[in-house]
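Asker: Structure provided below as structure tokens; questions to follow.
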Amino acid sequence: MARTRLYQNGTLVLENFPADDISEHLTDPSSVLWLDLYRPGQDEFAMVGDEFGIHDLALEDAAHQGQRPKLDRYRTHEFLSAHAVSIAPDSADLSTSEISVFLTRQAMITIRHDDGFPIDDVVARWDQSPDLAGHGVGFLLHGLLDHVVDGHYAAAQQLDDRIEELENLLFAEGRHQIRTVHRRLYALRKSLVRLRRVVLPMREVVNSLMRPGLVNDSLVPYYQDVYDHVLRAIEWTESVRDMVASAMETNLSVQSNRMNLIMKKVTSWAAIIAVPTAITGFYGQNLPYPGFADQTGFIASTTAIVVVSALLYLVFKRKDWL
Amino acid sequence: MARTRLYQNGTLVLENFPADDISEHLTDPSSVLWLDLYRPGQDEFAMVGDEFGIHDLALEDAAHQGQRPKLDRYRTHEFLSAHAVSIAPDSADLSTSEISVFLTRQAMITIRHDDGFPIDDVVARWDQSPDLAGHGVGFLLHGLLDHVVDGHYAAAQQLDDRIEELENLLFAEGRHQIRTVHRRLYALRKSLVRLRRVVLPMREVVNSLMRPGLVNDSLVPYYQDVYDHVLRAIEWTESVRDMVASAMETNLSVQSNRMNLIMKKVTSWAAIIAVPTAITGFYGQNLPYPGFADQTGFIASTTAIVVVSALLYLVFKRKDWL
Amino acid sequence: MARTRLYQNGTLVLENFPADDISEHLTDPSSVLWLDLYRPGQDEFAMVGDEFGIHDLALEDAAHQGQRPKLDRYRTHEFLSAHAVSIAPDSADLSTSEISVFLTRQAMITIRHDDGFPIDDVVARWDQSPDLAGHGVGFLLHGLLDHVVDGHYAAAQQLDDRIEELENLLFAEGRHQIRTVHRRLYALRKSLVRLRRVVLPMREVVNSLMRPGLVNDSLVPYYQDVYDHVLRAIEWTESVRDMVASAMETNLSVQSNRMNLIMKKVTSWAAIIAVPTAITGFYGQNLPYPGFADQTGFIASTTAIVVVSALLYLVFKRKDWL
Amino acid sequence: MARTRLYQNGTLVLENFPADDISEHLTDPSSVLWLDLYRPGQDEFAMVGDEFGIHDLALEDAAHQGQRPKLDRYRTHEFLSAHAVSIAPDSADLSTSEISVFLTRQAMITIRHDDGFPIDDVVARWDQSPDLAGHGVGFLLHGLLDHVVDGHYAAAQQLDDRIEELENLLFAEGRHQIRTVHRRLYALRKSLVRLRRVVLPMREVVNSLMRPGLVNDSLVPYYQDVYDHVLRAIEWTESVRDMVASAMETNLSVQSNRMNLIMKKVTSWAAIIAVPTAITGFYGQNLPYPGFADQTGFIASTTAIVVVSALLYLVFKRKDWL
Amino acid sequence: MARTRLYQNGTLVLENFPADDISEHLTDPSSVLWLDLYRPGQDEFAMVGDEFGIHDLALEDAAHQGQRPKLDRYRTHEFLSAHAVSIAPDSADLSTSEISVFLTRQAMITIRHDDGFPIDDVVARWDQSPDLAGHGVGFLLHGLLDHVVDGHYAAAQQLDDRIEELENLLFAEGRHQIRTVHRRLYALRKSLVRLRRVVLPMREVVNSLMRPGLVNDSLVPYYQDVYDHVLRAIEWTESVRDMVASAMETNLSVQSNRMNLIMKKVTSWAAIIAVPTAITGFYGQNLPYPGFADQTGFIASTTAIVVVSALLYLVFKRKDWL
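Protein chains in written order, with my numbering: chain C, 1 to 322; chain P, 323 to 644; chain X, 645 to 966; chain D, 967 to 1288; chain V, 1289 to 1610.
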């Protein structure tokens, strides 16, 4: 099902009119039109191709998922691909949703293949800044990009928050906590790899939009602002990457130290426990040692066990091995 | 054995005609010709050199395997080298197959040294887009490059899938699973190193093709499309590289933690087992300890063993060492 | 509450006058004005927008925290965002404080959202170089940037000092010292990540200020000087990063070695302690071994224990395992 | 001792004539001359300086070993420094041999300080392509560079082969094999560091030769070919670097896993061996336990030992610890 | 105390004349003057400022230590900052000594704050190439830079030597040797970080000197030579960095392997020692086992101990665990 909007001289004049009326509306040069297609079929692509003169390659790119964020310039129009991202509330899992956009002089056509793209939020953003609506397609695109890029930044910040949450676990000793750290850090890295894949190319996309053409002078600051946000998202993503690496290395070092501590403890207790074994072994010999089968022997044995064990315990305690 | 094709004004007019007829066909300026040589001998190279005026260096490069992907410009023709790649179905092993291409105004000559290059798929691709056939050599080359680059991207994605498959093994404890992780990760890195070697230089190859000359205006979007796919393949390759590094580090950290858990378990059981040894050692002494050779002694001994062992067991269980 | 300053022909003529008088003062083209707003409300932003003709986007950026360091050029003014940093005295924690600046031909307006920014020090710096005051807004901005950038360099140096302090702990063996090393190194990395986020973009900010416009010829050396300091801060930050990585790796290696030493010690003592156990076990057998229930047996047993244990001790000592 | 060659109009007319005849030959503008000096003394350097008008700095650079690969342009001549490399047959050790070259309009003078440089192979290469001999000094230099750069590529490939050989050892368990892996990997890294030092700057050297001057149009494809080979050598070197890093990390991970396996085995056997100790300890007590000094006791004891030990063995086997 | 030199038309005419005579000498346009100030006071800075027209900022930079290597251009003069380095003979400790230089058309003024800078060597270098003395300030600066940059290269090489010395220790097992490796590698990294800080910016410094101005055509090859040496020092520094990283990783891997070997040894001996304990335990039971209190029992026990222990020893030896 298609959503539509018609702007004239900066005013929204019609909404959700049938796609069949498009040709008619386009005849008025002051008309600016938005058409949104959700999982379009062959027919709808054909209609878009005919009506707006979209190049076959652009149509093909829009029909297949898995494009990288890019801006392709054709003679009469542009094709843009971008990805909205979101982080699942309690995990570090990143989900992405692709949007394909055709930009002509009078129209912006958006193609979506799943319902993860927050198209309603984009519409709301348009309605929040009606004063810019007179700038035509550049205005529509700005609202879309601004929302997408803000989402990238938000995702980077959420991943940063996830690391902050992990920080305490990093020095914790519980088995489940350590496993959580491993799985979380791995998931974080994975999400970061995906995030970078959709965020990094946006720099070039927004930058090449700011060159002549589509964006008029009054809009330039707005696109500059989007560009700044792209840079901010990229820088933040790189920071998070750095922090994840740091957490991984710290984790390894903490574990290595923990191992040392365990070894020391083991060794200490093993030594302490070896004492009675050695002493009772001595007094268990079938030999006429001093005190054999005698009360004095028992006292000597017991005293030796208690004293030597206690001594060892103190020694290890002082050396901080226990 | 040579394969041939003759196009005139965008139509395929002849196929698999003898290589001897080439001179004749080339006299018609509207003719565009494809010649494919499989493991050509000295004679065939000499023929190609004479017929198409190919530079000796280009012939030499085509005769020897092991060229890097590149585009060399000569005065009347270009020499291009590229590599098709494929991933073996059940492993992460990458195999590459080199192709050498001479491009003149009227002809594209392809040289293959092994049968790994999917030349039939390239031919099929040409036949799928007959509407572009009128663009001459640029059309032929586009079909070839498009197929090669799509193969690069597919390989990067398959390696990515291989990592996804490894992910569960990463946290598994079985000896064979861990060995599998090691060998697979190493194989993945190796394949990635090879993949990068053939993918990265393609950026420059395709980019320098898009500058003036061979590719006319109508084809530019198609080459731009190939270029986008090159970038996509490169980005994906770098992502996979990042993920492999991440998996390797996680693996190390998981192993280090596993070591700690084992050590704790060992220590705990060693301590528990030390208890009866110490106690029976005590009651084995040839000394008149309380209960010597008496039922009370036996009860004391057995009680001590059971109670202390059980106590230790509970302590370790609570500290999560067992 | 707002702070104000009015300069005329390089002389400070008025301070802390009410914001309402601004319009009046601006009519004199020789006036240069500083307005500082601390946590401004909607009204004050509206006033600034009207009085100085600031673009809505710039106002919005100033109203929200979390901008990256940047310089946005509008038609009649610039918007600059920068961050002052400081390191807490006894830790490696970095705190940042954001400042937003509007620059018009006649005025510099600074917006602060927290009281961490050392605005009084900036004022003091202006008063220290009254000879430059004639260069207008460029002079005011220089004092601000110079102070901010010097703070960046100071922070990098303080973090460097923190590493120097850690160096001895790096080779220490105490449990608390090792934990300190881990936590400190992690905190250092975290502070560095944050520091880079505010320092690195300053290069571009100061560089784009030095291009034509705002800064007149006499001020160029002063901005060049700030630029040098930015580079110095960046280089130092990267050095510290390098040292932290180095410390982390050394730490891991030291721990791994410590583990080896502990293992050797454990092994040695375990072997020495095993000797009496084995020997007394032998003499504890209910078998007619030589010396059974005899003085000679006791002498043999005791001698064997002492001699073999001492021998082992010496062997391990010589092999440097103890 | 000096070697000489004289070309006229693309033909080798004289070889190994005395250095004293050089002045005479140079008077004919169609003469092209090669002079090779092996460990030249002060006199020979002075002669070269006078005869060919070589700048003092270039002479000084040629007199001292340890130059980086570079091309220095003087007003009437160029100075070039390059390094031939070779890998010792059974090891990963790289040896380098420096050559200094002066290039004038009519002559190429080569200076060698050790006999590691394969100058005879360069001469052979010249004789293999007599058709290019008419291009003068550019021809001579091409033969030299082509040989040097091919050597770089061969070295990179040999190091790659060395890693392939190490691959099986990587997963081997023998003590000597592991040591071999460590020493080899370290040696490989060292050779790579050296190889990069002489290979990477060649890109700039060959690139700056291809700009106007020395190389005429017909030679350009030949220098382009050398340049391609430089890139190939560089890419391969970087690949090898990547593989060595990968092998090192895999090695660490394999060792860490091996440690875990050993620990598990140790623990398992320790537990199994603890069983008879505990049981015989029990039956060794001087207490009236059931079966004391009785056949039933002996049967109970022996049965317990066998059954519990066997049970433990099976448990560990099933858990894959043994 | 100040050192001075006066050159006229390429000849040294006066040395160590009083600073007060400077004004007088400068009136002759053919005069070129060197003034060296060691720990100058306020007065001397003021004198330099007045006499040579040095900008306040340059004076301030010269008065404070801690400048990064840089070249600042003022309208009538340049300010240059550089650092001489040296490596302590028996350690890897790097010490740096800063020099500040003002360059006017007729004079070079050097400012030193410590006596680590080898100014006498610079003077000696000037006297070694009197033929260049006619090139004025460019000649003086060349001597200084040449010496500084050669020092950088020498330091990089000395650090490289330090690593070579460490190489054998890398595979050594002694406790002190391992500690030495750790401390040395850490010290090396630290020195490298410092070295890079003073070496890397020199590329830009020397490069911007070679652009028009100060350096005339005859000196260009000499500055090009210095530039080559800067590149050489940088490349060598990066190589050393690479080698240190390599040594650190190898060290970690060697230690990890050593740990495995120790564990195997420990395990083997523990198993061998467990044999007599188990057997004598059996024969120590108060039970009528075969051979109880009988010569046959003693023979059986002793035989079992010897045979089983010897067997285990051989098994471990064959498995290369001992």
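For glycine and all other residues, C-beta sits at the position ideal for the given N, C-alpha and C. A quick note: this is a predicted structure, and the numbers were derived from the prediction, not measured.
1) Assuming residue 1024/D and residue 1011/D make a contact with CB atoms under 8 Å, what is their CB distance in whole Å?
2) Report yes if the CB atom of residue 1043/D is closer than 7 Å to the CB atom of residue 1069/D, and no otherwise.
3) Could you give the DSSP three-state label for residue 1078/D: helix, strand or coil?
4) Which whole runs of the alpha helix (DSSP H) in the stretch 1458 to 1510 of chain V are 4 residues long or more, in chain order?
5) By the DSSP assignment, the beta strand (DSSP E) with residue 1045/D in it spans what residues?
6) Look up residue 99/C in the DSSP assignment and give the residues it is bridged to.
7) Rounded to the nearest angstrom, how far is the Cβ of residue 456/P from that of residue 332/P, given a contact under 8 Å?
8) Check each residue of the stretch 1189 to 1222 of chain D: if its Cβ is closer than 8 Å to any Cβ of chain P, include it; give the result in chain order.
9) Under 8 Å: do the stretch 593 to 603 of chain P and the stretch 1230 to 1250 of chain D share three or more Cβ pairs, one atom per stretch?
10) Let me check understanding here. Comparing Cα to Cα, which of 1180/D, 987/D and 1018/D lies closest to residue 1102/D?
11) For residue 787/X, count neighbouring Cβ atoms within 10 angstroms of its own Cβ and tell me buried if that reaches 16, exposed if not.
12) Below 8 Å, can you find three or more Cβ-Cβ pairs linking the stretch 1152 to 1162 of chain D to the stretch 1534 to 1544 of chain V?
13) Going by beta carbon distance, what residues of the same chain come within less than 8 Å of residue 541/P, once the five residues before and after it are set aside?
14) For residue 1000/D, write down the residues that DSSP places opposite it in a beta bridge.
15) Whose C-alpha, out of 740/X, 945/X and 744/X, is nearest the C-alpha of residue 682/X?
16) Identify whether residue 963/X lies in helix, strand or coil by the three-state DSSP scheme.
17) Which residues in chain D have a C-beta closer than 7 Å to the C-beta of residue 1549/V? List them in chain order.
18) So, do the stretch 1108 to 1127 of chain D and the stretch 1165 to 1174 of chain D have three or more beta carbon pairs nearer to each other than 8 Å?
19) Does any residue of chain V bring its CB to less than 7 Å from the CB of residue 860/X?
20) What does residue 602/X touch in chain C if you count any residue whose Cβ is under 7 Å from its own?
21) What would DSSP say about residue 671/X, mapped onto helix, strand or coil?
22) Is the Cβ of residue 1605/V closer than 7 Å to any Cβ of chain X?
23) For the alpha helix (DSSP H) containing residue 701/X, list its first residue and its last residue.
24) In whole angstroms, what is the alpha-carbon distance linking residue 1020/D and residue 885/X?
25) DSSP on residue 785/X, reduced to helix/strand/coil?
26) Would you say residue 543/P lies against chain C (beta-carbon separation less than 7 Å)?
27) Determine whether the Cβ of residue 1279/D lies closer than 7 Å to any Cβ atom of chain V.
28) When burial is assigned at 16 or more other CB atoms within 10 Å of the CB, is residue 1223/D buried or exposed?
29) Determine whether the beta carbon atoms of residue 692/X and residue 651/X lie at a separation below 7 Å.
30) I want to verify the contact list: residues of chain C whose CB lies under 7 Å from the CB of residue 822/X, in sequence order.
31) Tell whether a beta-carbon distance below 7 Å holds between residue 232/C and residue 847/X.
32) Under a three-way DSSP split, which group does residue 1356/V fall into?
33) Put residue 73/C into one of helix, strand or coil per three-state DSSP.
34) Find out if the Cβ-Cβ distance for the pair residue 1542/V, residue 1514/V is shorter than 7 Å.
35) Compare the C-beta of residue 1608/V against all C-beta atoms of chain D and say whether one is closer than 7 Å.
36) Would you say residue 841/X lies against chain C (beta-carbon separation less than 7 Å)?
Answerer: If we stick to the structure as given:
1) One-based indexing of the fourth sequence puts residue 1024/D at position 58. One-based indexing of the fourth sequence puts residue 1011/D at position 45. 10 Å between Cβ atoms; not a contact.
2) Locating residue 1043/D in the fourth sequence gives position 77, counting from the first residue. Locating residue 1069/D in the fourth sequence gives position 103, counting from the first residue. Taking 7 Å as the Cβ cut-off, residue 1043/D and residue 1069/D qualify as a contacting pair.
3) Position 112 of the fourth sequence, counted from the start, is the residue given in the question as residue 1078/D. DSSP places residue 1078/D in strand when its eight states are reduced to three.
4) 1463 to 1487 and 1490 to 1498
5) Here residue 1045/D corresponds to residue number 79 of the fourth sequence, with the count starting at 1. Residue 1045/D -> beta strand (DSSP E) spans 1044 to 1053.
6) Position 99 of the first sequence holds residue 99/C. Paired residues: 82/C and 112/C.
7) In the second sequence, the residue the question calls residue 456/P occupies position 134. In the second sequence, the residue the question calls residue 332/P occupies position 10. Rounded, the Cβ-Cβ distance is 3 Å, consistent with contact.
8) 1190, 1191, 1194, 1197, 1198, 1201, 1202, 1205, 1208, 1209, 1212, 1213, 1215, 1216, 1218, 1219, 1220 and 1222
9) yes
10) As a first step, residue 1102/D must be located in the fourth sequence, where it is residue number 136. It is 1180/D.
11) For the purposes of this step, residue 787/X is identified with residue 143 of the third sequence, where counting begins at 1. Counting Cβ neighbours within 10 Å, residue 787/X comes out buried, since at least 16 surround it.
12) yes
13) Taking the first residue of the second sequence as 1, we reach residue 541/P at position 219. Closer than 8 Å at Cβ, skipping near neighbours: 454, 457, 460, 461 and 464.
14) Along the fourth sequence, one-based indexing puts residue 1000/D at 34. Paired residues: 971/D and 1074/D.
15) By 1-based counting over the third sequence, the position of residue 682/X is 38. Considering only alpha carbons, the answer is 744/X.
16) Here residue 963/X refers to the residue found at position 319 of the third sequence. Here residue 963/X sits in coil by DSSP.
17) Position 261 of the fifth sequence holds residue 1549/V. In chain order: 1141.
18) yes
19) As a first step, residue 860/X must be located in the third sequence, where it is residue number 216. No, residue 860/X does not count as interfacial toward chain V.
20) Residue 602/X is absent from the model: chain X starts at 645 and stops at 966.
21) Counting from 1 along the third sequence, the entry for residue 671/X is found at position 27. In the structure shown, residue 671/X sits in coil (DSSP, three-state: anything other than H, G, I, E or B).
22) For the purposes of this step, residue 1605/V is taken as residue 317 along the fifth sequence, with counting starting at 1. No, residue 1605/V lies away from the interface with chain X (no Cβ there is under 7 Å from its Cβ).
23) Taking the third sequence and counting its residues from 1, one reaches residue 701/X at position 57. Note, residue 701/X: alpha helix (DSSP H), 700 to 707.
24) To locate residue 1020/D, count along the fourth sequence from 1; it is residue 54. To locate residue 885/X, count along the third sequence from 1; it is residue 241. The alpha-carbon atoms of residue 1020/D and residue 885/X are separated by roughly 47 Å.
25) Against the third sequence, residue 785/X aligns to sequence position 141. In the structure shown, residue 785/X sits in a helix (DSSP, three-state: H, G or I).
26) Along the second sequence, read from residue 1 onward, the residue named residue 543/P stands at position 221. With 7 Å as the cut-off, residue 543/P counts as an interface residue toward chain C.
27) To locate residue 1279/D, count along the fourth sequence from 1; it is residue 313. Output row for residue 1279/D: interface = no.
28) Looking up residue 1223/D in the fourth sequence gives position 257. By the neighbour-count rule (16 or more Cβ atoms within 10 Å), residue 1223/D is buried.
29) On the third sequence, position 48 is the one that residue 692/X refers to. On the third sequence, position 7 is the one that residue 651/X refers to. Not closer than 7 Å, so no.
30) Position 178 of the third sequence holds residue 822/X. Simply 257.
31) Stepping through the first sequence from its first residue, residue 232/C is reached at position 232. Stepping through the third sequence from its first residue, residue 847/X is reached at position 203. Not a contact, by the Cβ cut-off of 7 Å.
32) Counting from one through the fifth sequence, the residue named residue 1356/V turns up at place 68. Residue 1356/V falls in the coil class under three-state DSSP.
33) Here residue 73/C refers to the residue found at position 73 when the first sequence is read from its first residue. Residue 73/C: strand per DSSP, three-state reduction.
34) Stepping through the fifth sequence from its first residue, residue 1542/V is reached at position 254. Stepping through the fifth sequence from its first residue, residue 1514/V is reached at position 226. For residue 1542/V and residue 1514/V, no; Cβs fall outside 7 Å.
35) Walking along the fifth sequence from the start, residue 1608/V turns up at place 320. By this cut-off, residue 1608/V is an interface position.
36) Counting from 1 along the third sequence, the entry for residue 841/X is found at position 197. Closer than 7 Å: yes.
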